[in-house]
Amino acid sequence: MEEGKVLSNAAQESGAAYAVIHEKFGEAISAFDDNATMPFFEVLDTALWTDIALFMRDHPKLKFNYMACLSGVDYPEEGKLGLVANLESLGVFGHKLAVKVKCPREGGSIPSVAGVWHTANWHEREAYDMLGMLFEGHPDMRRILCPDDWEGWPLRKDYKVQESYHGIKVPY
Amino acid sequence: MQELEMAGQGSLRLSRKSDTIVVLEKDLSTEQMVLSMGPQHPSTHGVLRLECLTDGEVVTEAEPYLGYLHRCFEKHCEHVDYPAIVPYTDRMDYLAGINSEMAYCIAVEKLLDLEIPRRVEFIRVIVSELNRIASHLVAIGTYAIDLGAFTPFLFCFRDREHILNMLEWATGARMLYNYIWVGGLAYDVPAGFNERVLEFVNYFRPKALELQQLLTENEIFVKRTKGIGIMPADVAINYGWSGPMLRGSGVQWDIRRNDPYSIYPELDFAVPVPDGKLSVVGDCLSRHLVRALEIEESLKIIEQCIDKMPGTQGFDPRSAVPKRVRPKAGEVYGRAENPRGELGFYIQSDGKSTSPLRCKARSSCFVNLSAMKDLSRGQLIPDLVAIIGSLDIVLGEVDR
Chain A
2 MEEGKVLSNA AQESGAAYAV IHEKFGEAIS AFDDNATMPF FEVLDTALWT DIALFMRDHP
62 KLKFNYMACL SGVDYPEEGK LGLVANLESL GVFGHKLAVK VKCPREGGSI PSVAGVWHTA
122 NWHEREAYDM LGMLFEGHPD MRRILCPDDW EGWPLRKDYK VQESYHGIKV PY
Chain B
388 MQELEMAGQG SLRLSRKSDT IVVLEKDLST EQMVLSMGPQ HPSTHGVLRL ECLTDGEVVT
448 EAEPYLGYLH RCFEKHCEHV DYPAIVPYTD RMDYLAGINS EMAYCIAVEK LLDLEIPRRV
508 EFIRVIVSEL NRIASHLVAI GTYAIDLGAF TPFLFCFRDR EHILNMLEWA TGARMLYNYI
568 WVGGLAYDVP AGFNERVLEF VNYFRPKALE LQQLLTENEI FVKRTKGIGI MPADVAINYG
628 WSGPMLRGSG VQWDIRRNDP YSIYPELDFA VPVPDGKLSV VGDCLSRHLV RALEIEESLK
688 IIEQCIDKMP GTQGFDPRSA VPKRVRPKAG EVYGRAENPR GELGFYIQSD GKSTSPLRCK
748 ARSSCFVNLS AMKDLSRGQL IPDLVAIIGS LDIVLGEVDR
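Top line first, the protein sequences correspond to chains A and B.
Note that the working numbering has the first sequence beginning at 2, numbered continuously upward.
Note that the working numbering has the second sequence beginning at 388, numbered continuously upward.
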């Protein structure tokens, strides 16, 4: 199997999958970014993210049944927070596609897809824990890795660690 | 069957265990009790706390609490250079350090678009398969201990010691290797390494069979694991399960085969899934079986690699290692098949800095553990121990 051939096939498959989604949602999603390392599109109308996710999971030509990863990301220049979801059609078509969703940095929220993929439940909790965006409709929106009474959002670029936590000096 | 008919009339509490139905309680009024398992509980395999809501001996709900081992891996990544992240990845899944390094290096190399020397790839595969066997031996050994069998644990650790000694010889460390570098290796393997690995493979084959006979064919072990914690295939995929966990549910999916990297496409190996003869597909025993069968496949891979490996003429393990790792702006999601499932790294580069803008580790254990709440519902407390053991979690990777 030639390495280059596999890659180009994969990019083609992602493009074909994108075309199906674009046909349905049109202007609600951005143009397809077919870079070599991680082809993706962005959801422009954040409120539609759950609908798009359901469509991607259930459409007979898409079947993105597997969420490999969901990462929370900080975009300080744009004043936004966002997530990157790496989706895959496991065992059906094998195609992969990444989706980006963004929300305002202060008081922003993104619709939850924990009801679409169970695995998103903990990933979204982690994104909330680390970056502080809320996921609307999430069944259990709590911190997961940090303690419940931790202050601030550690993975934001402007994060300042708290001076003390229950009498313990934090910065070392 | 008599119990089944009585079940319709109420006032009985029943539990299904393997193929028999057990009457647990009869006309008893019980109240719910909160039972905290862990963080220092021998069966939670590290610092994990399970808050169990129990009704008598039955767990109505078990909520995992994690983060006791959180070391801010992702925050640290944003402050150190790309190659300096490799030692951190060792400390995530400390039972399979080499596999973690490999996943991370694959992601960065994909971003850099690097060509890796062929001999490097072969050495990487040999050491990562050795590490996979060592990791599975710990998984099987500690699982046996969870269920009250002590001897298999000693067998596993005796043979794991041989692997760790070999890896120590090659890399200089027993568990935290820093051996696979971005673009290459820290060192070539020592002279005579291949012979010693082959010697180990020949020694270990009968031992693996012995372990199989001691544990997998043990009636008590089968009774404790068969039909417990069943996960259907579609739910497993929806939960993002991967690796032996997903294959235990009967989905023949392995990243080494389905999204191949390194030299795996050239190698001949099977992706074992349970056939449902010995176990119920998706139960704890299936997950154990997959791990046991994978050891044999790893041995096959190692033999093939040693057979096909190019010689040392003109070989420099660091020839493709970049002086300064500064990828062009972009993002990548790179992944590899870890002993515990898919370990992925999402890396974002701004094209200017020598450290990533964002590096997220998609931990296989974290994702596998997230199904715990559903798996534990309605199980007996001793079965809960069997289920956690079959998940084979490493808390260093769950909490990162």
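Virtual Cβ for every residue (Gly too), placed ideally from N, Cα, C.
As the structure is a computational prediction, the values presented were derived from the model and not from experiment.
How is the beta strand (DSSP E) around residue i delimited, first residue to last?
i	result
B/Val719	717 to 725
B/Ser423	419 to 424
B/Gln735	728 to 736
A/Asn87	81 to 89
A/Pro105	97 to 105
A/Ile111	110 to 112
A/Asp75	67 to 76
B/Asp442	436 to 442
B/Lys739	That residue, B/Lys739, is in no beta strand (DSSP E); it is neither H nor E in DSSP.
A/Pro61	A/Pro61 -> no beta strand (DSSP E), and no H or E assigned at all.
B/Cys746	745 to 749
B/Val445	445 to 452
A/Phe136	135 to 137
Using CA coordinates, which residue listed in the options is at the minimum distance from residue i?
i	options	result
B/Lys613	B/Ala716, B/Leu563, B/Thr603, B/Tyr491	B/Thr603
B/Tyr530	B/Glu448, B/Val658, B/Leu778, B/Arg787	B/Leu778
B/His457	B/Phe753, B/Pro769, B/Ser757	B/Phe753
A/Ala115	A/Glu137, A/Pro105, A/Lys101, A/Ile30	A/Glu137
B/Glu690	B/Glu548, B/Cys543, B/Leu598, B/Tyr590	B/Tyr590
B/Leu585	B/Gly571, B/Ile617, B/His549	B/His549
A/Gly108	A/Phe33, A/Thr120, A/Ala121, A/Tyr129	A/Tyr129
B/Gly528	B/Ile520, B/Val781, B/Leu440, B/Leu541	B/Leu541
A/Ser15	A/Asp35, A/Thr51, A/Val44	A/Asp35
B/Asn800	A/Val44, A/Ile22, A/His60, A/His119	Outside the shown range of chain B (388 to 787) lies residue 800 of chain B, about which nothing can therefore be said.
B/Val743	B/His675, B/Val473, B/Pro697, B/Pro661	Strictly speaking, residue 743 of chain B in this sequence is Pro, with Val absent from that position. The shortest Cα separation from B/Pro743 among B/His675, B/Val473, B/Pro697, B/Pro661 belongs to B/Val473.
B/Ala573	B/Ala536, B/Ile510, B/Arg634, B/Arg611	B/Ile510
B/Leu422	B/Ile780, B/Ile768, B/Arg547, B/Pro593	B/Ile768
B/Val658	B/Val667, B/Leu672, B/Asp546, B/Gln639	B/Gln639
B/Glu597	B/Lys610, B/Cys543, B/Asn645	B/Cys543
B/Leu554	B/Asn581, B/Asp641, B/Asp533	B/Asn581
Could you list which residues in chain A have their beta carbon closer than 8 Å to that of residue i, in chain order?
i	result
B/Leu363	No information on residue 363 of chain B is available, as it lies outside the stretch 388 to 787 that chain B covers here.
B/Asp786	Leu146
B/Val658	None at all; the shortest Cβ gap to chain A is about 12 Å.
B/Leu596	Correct list: empty, because the minimum Cβ distance to chain A is about 31 Å.
B/Leu453	Ile145, Leu146
Would you mind telling me which residues of chain A sit closer than 7 Å to residue i, beta carbon to beta carbon, in chain order?
i	result
B/Phe753	Trp123
B/Tyr475	In chain order: nothing, as chain A lies at least about 15 Å away.
Determine the chain A residues that contact residue i at a beta-carbon separation under 9 Å, and present them in chain order.
i	result
B/Glu729	Ala69, Cys70
B/His457	Leu146, Cys147
So which residues of chain B does residue i contact, with C-beta pairs closer than 8 Å?
i	result
A/Val102	Ordered by position in chain B, no residue passes the 8 Å Cβ test against A/Val102, which lies about 14 Å from the chain.
A/Gly153	Correct list: empty, because the minimum Cβ distance to chain B is about 12 Å.
A/Val171	What A/Val171 touches in chain B: nothing, since even the nearest Cβ is about 12 Å away.
Counting only beta-carbon atoms, is residue i nearer than 8 Å to chain E?
i	result
B/Lys747	This model lacks chain E altogether; the protein chains it does include are A and B.
Given that residue i touches chain B, what residues does it touch there, using C-beta distances under 9 Å?
i	result
A/Gly95	Asn645, Asp646
A/His119	Val622, Asn625, Tyr626, Gly627, Ser757, Ala758, Asp761
A/Gly198	Because chain A in this structure spans residues 2 to 173, residue 198 of chain A falls outside the shown range and cannot be described.
Start and end of the alpha helix (DSSP H) containing residue i?
i	result
B/Tyr491	484 to 499
B/Ala521	505 to 533
B/Cys543	538 to 558
B/Thr788	In the structure as shown, chain B begins at 388 and stops at 787. Residue 788 of chain B is therefore absent and cannot be evaluated.
B/Tyr475	473 to 477
B/Phe587	580 to 598
B/Val622	620 to 625
B/Glu784	782 to 786
B/Glu461	460 to 464
A/Val117	Run containing A/Val117: none; DSSP gives neither H nor E here.
Along chain B, which residues have their Cβ under 7 Å away from the Cβ of residue i?
i	result
A/Leu156	Glu461, Lys462
A/Val21	Chain B residues near A/Val21: none, gap ~20 Å exceeds 7 Å.
A/Val74	Gln735, Arg745
Legend entry - Selection of the segment 632 to 643 of chain B by Cβ proximity to chain A, strictly under 9 Å: Listed in chain order, the positions of the segment 632 to 643 of chain B with a beta carbon within less than 9 Å of a beta carbon of chain A are Leu633, Val638, Gln639, Trp640.
Legend entry - Stretch pair the segment 650 to 668 of chain B + the segment 696 to 705 of chain B: three plus CB contacts closer than 8 Å: Counting Cβ pairs under 8 Å, fewer than three are found: no touch.
Legend entry - Three or more C-beta pairs below 8 Å linking the segment 758 to 772 of chain B and the segment 470 to 485 of chain B: Inter-segment contact for the segment 758 to 772 of chain B and the segment 470 to 485 of chain B is absent: fewer than three beta-carbon pairs are separated by less than 8 Å.
Inset, instruction - Pull out every residue of the segment 32 to 61 of chain A whose Cβ sits closer than 8 Å to any Cβ of chain B, in chain order. - result: Residues of the segment 32 to 61 of chain A with a C-beta less than 8 Å from any C-beta of chain B: Asn36, Ala37, Thr38, Met39, Phe41, listed in chain order.
Inset, instruction - Check whether the segment 74 to 91 of chain A touches the segment 118 to 133 of chain A, counting contact only when three or more Cβ pairs, one atom from each stretch, lie closer than 8 Å. - result: Verdict: yes, contact present.
Inset, instruction - Report yes or no: do the segment 459 to 466 of chain B and the segment 738 to 755 of chain B share at least 3 C-beta pairs separated by less than 8 Å? - result: With a cut-off of 8 Å on Cβ pairs, the segment 459 to 466 of chain B is in contact with the segment 738 to 755 of chain B, counting three or more such pairs.
Legend entry - the segment 437 to 457 of chain B touching the segment 705 to 722 of chain B, judged by at least three CB pairs closer than 8 Å: With fewer than three CB-CB distances shorter than 8 Å, the segment 437 to 457 of chain B does not count as touching the segment 705 to 722 of chain B.
Legend entry - Within 8 Å of chain A by C-beta, residues of the segment 702 to 728 of chain B in sequence order: Result list: Gly717, Glu718, Val719, Tyr720, Arg722.
Legend entry - Under 9 Å (Cβ pairs) to chain A, residues found in the segment 420 to 440 of chain B: Result list empty, no residue passes.
Inset, instruction - Kindly confirm or deny that the segment 28 to 48 of chain A and the segment 69 to 78 of chain A touch, where touching means at least three C-beta pairs closer than 8 Å. - result: These segments do not touch.
Legend entry - Segment contact, 8 Å Cβ cut-off, at least three pairs: the segment 712 to 729 of chain B with the segment 628 to 637 of chain B: Enough Cβ pairs lie closer than 8 Å, so yes.
Inset, instruction - Identify each residue in the segment 684 to 696 of chain B for which the Cβ-Cβ distance to at least one residue of chain A is less than 7 Å, and report them in chain order. - result: Residues of the segment 684 to 696 of chain B whose Cβ lies closer than 7 Å to any Cβ of chain A: none.
Inset, instruction - Anything in the segment 481 to 505 of chain B with a Cβ closer than 8 Å to a Cβ of chain A? List those residues in chain order, please. - result: Residues of the segment 481 to 505 of chain B with a C-beta atom less than 8 Å from some C-beta of chain A are Lys497, Leu498, Asp500, listed in chain order.
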